[in-house]
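**Q** In full-length UniProt numbering, the protein residues as written are 1 to 574. Cβ atoms here follow ideal geometry from the backbone N, Cα and C, with glycine treated the same way. Treat the numbers as computed from the prediction; the structure is a model and nothing was measured.
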């Protein structure tokens, strides 16, 4: 494992810290954390800690919303058949469920369509258009997809099917000639927030329709689906997303719909205290699994059913699919790591590009992410589908993988995504040339230091500053995610209360104290078990980088240190 760099953020100026701490009656440490998140006065803090649906932007600020709203209302009143066309991931299935339930409640003749990942691939296809034409569909609303479906939407028009694109992905140079295109990233769109999830854009369309028919708040009951999608799609949890996710989590925890409750219970958790992080790491993989291995429409069924019995059956299917996905994932990851370690010179090539025709297309995105985590460098995983190499690309902070693929566009059949993750397709005989060019691009833009993992630390904290009030306010910084990450602290010269123990899959557990006060905090470090052989409880002091989380023991809440990294001082064994 590469040693990790510790980068401590610069402190804001002292005058700003003291002024904010005084106006909010909080500690200087909390004031620093707020200023780092762009919160500099009482009113901004109020908005941050008490996000309100009243602060959401007017949906009609989004270009195309007027036309889209008018067309949907026309379809409902004219009893035209509407198809909600989604993607097979969490964002796509939640978006489809949201729009289906909303339009159904308005009396629309509406159906959903989720393409099969293995037989149809991503997005709108001519094959699916032909099927929907045979079903008598008059209007397609694509959610979480469609922004690059130029030819397919032309094909729909040839069948007299109109399309409203409702997407959040990066458009290409040519936009589809749809009836309306809703995408805050569309060139010239002045919508003030550019980072909505697909479900966020769908929610905007629903609220706009509701506004036009005098039922402005009707869509709010579906915020649980928006929260699920937004957290799972790793969008920045700032601005509107912070409001949508916080409000949606409240619905999930207080009054979950049958499908979400069944999903939570199948993951051996209880509704009531679910966080955005638990959605990302526990709930989302179960939803994605059905799309990765087969029919993602079962996820839409799960979200739209009111029958707890049916919800339990569907959740069980998702659980079984997720178990299969984990087995395939683990086998593929082990194979990929073996290839990297035996066949790739990581001193010569910064990037990892792997192709194997036997790999399951449903898991290579996950495996690419795991390769990035293990080797800390951009990774591309490809398999063979219909004689073409198709797969996923994942990156590290500081390297825009979408732009890199754009520089290889002449070699690719297709690609799409954003700076951290993308999908691509390429002819197999062009793979060697692609690998060389991709690594040339990396070599020109990155150096050895760029591929050394870095931990950014928010604040150097003394244990004496960790009070019940500090912890209570810190919890209100949630929901945590990109743009509003859980604060990372550094505490120096701490000692161990008891020798570290290795538990589970190479995790370390112990307790820490710091000279000068009697506070003791339980701690766990995931995948840090190797430190157990090096720390001498009685002789060593350590510097720890960590986050603070709340755990529940016997109905009571306690703070727990989650160790991200540590450095041993004065160690005679090293």
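Look up residue 40 in the DSSP assignment and say whether it is helix, strand or coil.
**A** Here residue 40 refers to the residue found at position 40 of the chain shown. Residue state, collapsed to three classes: coil.
**Q** From residue 72 to residue 33, what distance separates their C-alpha atoms?
**A** Along the chain shown, read from residue 1 onward, the residue named residue 72 stands at position 72. Along the chain shown, read from residue 1 onward, the residue named residue 33 stands at position 33. So the two alpha carbons sit approximately 44 Å from each other.
**Q** Go through the stretch 13-67 residue by residue and report every complete run of the alpha helix (DSSP H) that reaches 4 residues or more, in order.
**A** 14-24, 28-36 and 42-49
**Q** Would you kindly check if the distance between the Cβ of residue 224 and the Cβ of residue 257 is under 9 Å?
**A** Here residue 257 corresponds to residue number 257 of the chain shown, with the count starting at 1. Here residue 224 corresponds to residue number 224 of the chain shown, with the count starting at 1. Their beta carbons are under 9 Å apart, which means residue 257 touches residue 224 by this criterion.
**Q** Kindly indicate which residue of 113, 466 and 249 has the alpha-carbon position closest to the one of residue 143.
**A** Mapped onto the chain shown, residue 143 falls at position 143. With distances taken between Cα atoms, residue 143 lies closest to 113.
**Q** Nearest by alpha-carbon distance to residue 122: which of 86, 483 and 537 is it?
**A** Counted from its first residue, the chain shown places residue 122 at position 122. Taking only the C-alpha atoms, the option nearest residue 122 is 86.
**Q** To the nearest angstrom, how far is it from the Cα of residue 57 to the Cα of residue 194?
**A** By one-based count along the chain shown, residue 57 stands at place 57. By one-based count along the chain shown, residue 194 stands at place 194. Their backbone Cα atoms lie some 12 Å apart in a straight line.
**Q** Could you tell me which residues DSSP puts in a beta bridge with residue 511?
**A** Sequence index remark: in the chain shown, residue 511 carries index 511 (1-based). Paired residues: 522.
**Q** Give the straight-line distance between the Cα atoms of residue 239 and residue 205, rounded to the nearest whole angstrom.
**A** Residue numbering aside, residue 239 sits at position 239 when the chain shown is read from its first letter. Residue numbering aside, residue 205 sits at position 205 when the chain shown is read from its first letter. One C-alpha to the other measures close to 18 Å.
**Q** Could you say which of 404, 509 and 460 lies nearest to residue 6 if we only look at CA atoms?
**A** Indexing the chain shown from 1 puts residue 6 at position 6. The option with the nearest alpha carbon to residue 6 is 460.
**Q** Indicate the three-state DSSP secondary structure (helix, strand or coil) for residue 419 in the structure shown.
**A** Translated into the one-based positions of the chain shown, residue 419 becomes position 419. In this structure, residue 419 counts as coil in the three-state DSSP scheme.
**Q** Report yes if the C-beta distance between residue 392 and residue 364 is below 9 Å; otherwise report no.
**A** For this step, residue 392 is matched to residue 392 along the chain shown. For this step, residue 364 is matched to residue 364 along the chain shown. Going by C-beta atoms, residue 392 is nearer than 9 Å to residue 364.
**Q** Does residue 81 get closer than 9 Å to chain D when you measure Cβ to Cβ?
**A** Note that chain D does not occur in the displayed structure, where there is just one protein chain.
**Q** For residue 484, which beta-bridge partners are listed by DSSP?
**A** If you number the chain shown from 1, residue 484 lands on position 484. Per DSSP, 481.
**Q** Starting from residue 100 and walking both ways along the beta strand (DSSP E), at which residues does that stretch end?
**A** Here residue 100 refers to the residue found at position 100 when the chain shown is read from its first residue. Element bounds for residue 100: not the beta strand (DSSP E) but the alpha helix (DSSP H), 90-105.
**Q** Between residue 473 and residue 293, what straight-line distance do the alpha-carbon atoms span, to the nearest angstrom?
**A** Taking the chain shown and counting its residues from 1, one reaches residue 473 at position 473. Taking the chain shown and counting its residues from 1, one reaches residue 293 at position 293. Going from the Cα of residue 473 to the Cα of residue 293 covers about 42 Å.
**Q** Just the Cα atoms here: how many angstroms apart are residue 111 and residue 83?
**A** By one-based count along the chain shown, residue 111 stands at place 111. By one-based count along the chain shown, residue 83 stands at place 83. Rounded to whole angstroms, residue 111 and residue 83 show a C-alpha spacing of 5 Å.
**Q** Cβ atoms of residue 496 and residue 535: under 9 Å apart, would you say?
**A** Along the chain shown, one-based indexing puts residue 535 at 535. Along the chain shown, one-based indexing puts residue 496 at 496. Cβ distance < 9 Å, so residue 535 and residue 496 count as in contact.
**Q** Nearest-angstrom Cα distance between residue 67 and residue 179?
**A** Here residue 67 corresponds to residue number 67 of the chain shown, with the count starting at 1. Here residue 179 corresponds to residue number 179 of the chain shown, with the count starting at 1. Near 8 Å, if we compare the C-alpha coordinates of residue 179 and residue 67.
**Q** Could you work out which residue in 154, 164, 115 and 374 is closest to residue 139 when comparing CA atoms only?
**A** Taking the chain shown and counting its residues from 1, the one referred to as residue 139 is at position 139. With distances taken between Cα atoms, residue 139 lies closest to 164.
**Q** Going by the beta-carbon positions, is the gap between residue 51 and residue 35 smaller than 9 Å?
**A** The residue you call residue 51 lines up with position 51 of the chain shown. The residue you call residue 35 lines up with position 35 of the chain shown. Residue 51 is not a Cβ neighbour of residue 35, given a cutoff of 9 Å.
**Q** Locate the alpha helix (DSSP H) running through residue 240, then write down its first and last residues.
**A** Position 240 of the chain shown, counting from 1, holds the residue named residue 240. 239-254 is the extent of the alpha helix (DSSP H) around residue 240.
**Q** Buried or exposed for residue 467, going by 16 or more other Cβ atoms inside 10 Å?
**A** Along the chain shown, read from residue 1 onward, the residue named residue 467 stands at position 467. Looking at its Cβ environment, which holds fewer than 16 other Cβ atoms inside 10 Å, residue 467 is exposed.
**Q** Can you round the beta-carbon distance between residue 418 and residue 170 to whole angstroms, since I take them to be within the 8 Å contact cut?
**A** The sequence position of residue 418 within the chain shown is 418, counting from 1. The sequence position of residue 170 within the chain shown is 170, counting from 1. Right, the Cβ-Cβ distance comes to about 6 Å (below 8 Å), so this counts as a contact.
**Q** Judging by CA-CA distance, which residue of 493, 386 and 530 is the nearest neighbour of residue 512?
**A** For the purposes of this step, residue 512 is identified with residue 512 of the chain shown, where counting begins at 1. The residue with the shortest Cα to Cα distance from residue 512 is 493.
**Q** Along the alpha helix (DSSP H) that carries residue 437, what are the first and last residues, could you check?
**A** Locating residue 437 in the chain shown gives position 437, where the first residue counts as 1. From DSSP, the alpha helix (DSSP H) with residue 437 extends over 431-445.
**Q** Could you tell me the distance, in whole angstroms, from the CA atom of residue 416 to the CA atom of residue 430?
**A** In the chain shown, the residue the question calls residue 416 occupies position 416. In the chain shown, the residue the question calls residue 430 occupies position 430. Cα to Cα, the separation comes out at about 18 Å.
**Q** Can you give the Cα-Cα distance for residue 167 and residue 107, rounded to whole angstroms?
**A** Stepping through the chain shown from its first residue, residue 167 is reached at position 167. Stepping through the chain shown from its first residue, residue 107 is reached at position 107. So the two alpha carbons sit approximately 24 Å from each other.
**Q** Quick one: grab the DSSP three-state call for residue 308.
**A** Position 308 of the chain shown holds residue 308. Note: residue 308 maps to helix in three-state DSSP.
**Q** Scan the stretch 184-241 and note each continuous alpha helix (DSSP H) run of 4 residues or more that stays entirely inside, going in chain order.
**A** 198-212 and 223-232
**Q** Give every residue of the same chain whose Cβ lies closer than 6 Å to the Cβ of residue 227, excluding the five residues on either side of it in the sequence, and list them in chain order.
**A** Within the chain shown, the letter at position 227 stands for residue 227. Counting only Cβ-Cβ distances below 6 Å, and skipping sequence neighbours, we find 245, 248 and 249.
**Q** Cutting at 8 Å between CB atoms, please list the residues of its own chain near residue 17, excluding the five before and the five after it.
**A** Numbered from 1 along the chain shown, position 17 holds the residue referred to as residue 17. The residues are 11, 28, 31, 32 and 35.
**Q** Leaving out the 5 sequence neighbours to the left and right, which residues in its chain are closer than 8 Å to residue 161 when beta-carbon positions are compared?
**A** In the chain shown, residue 161 corresponds to position 161, counting from 1. Cβ within range, chain order: 129, 132, 133, 137, 138, 139 and 140.
**Q** Apart from the five residues on each side of it in sequence, which residues of its chain come closer than 6 Å, Cβ to Cβ, to residue 556?
**A** In the chain shown, the residue the question calls residue 556 occupies position 556. No residues qualify anywhere along the chain.
**Q** If contacts are defined as beta-carbon pairs under 8 Å, then residue 563 and residue 548 qualify, I think. What distance do you get, rounded to the angstrom?
**A** Residue 563 sits at position 563 when you count from the first residue of the chain shown. Residue 548 sits at position 548 when you count from the first residue of the chain shown. Wrong, their Cβ atoms sit about 11 Å apart, outside the cutoff.
**Q** Quick check on residue 438: buried or exposed, where buried means 16 or more other Cβ atoms within 10 Å of its Cβ?
**A** Stepping through the chain shown from its first residue, residue 438 is reached at position 438. Residue 438 is buried by the Cβ-count criterion.
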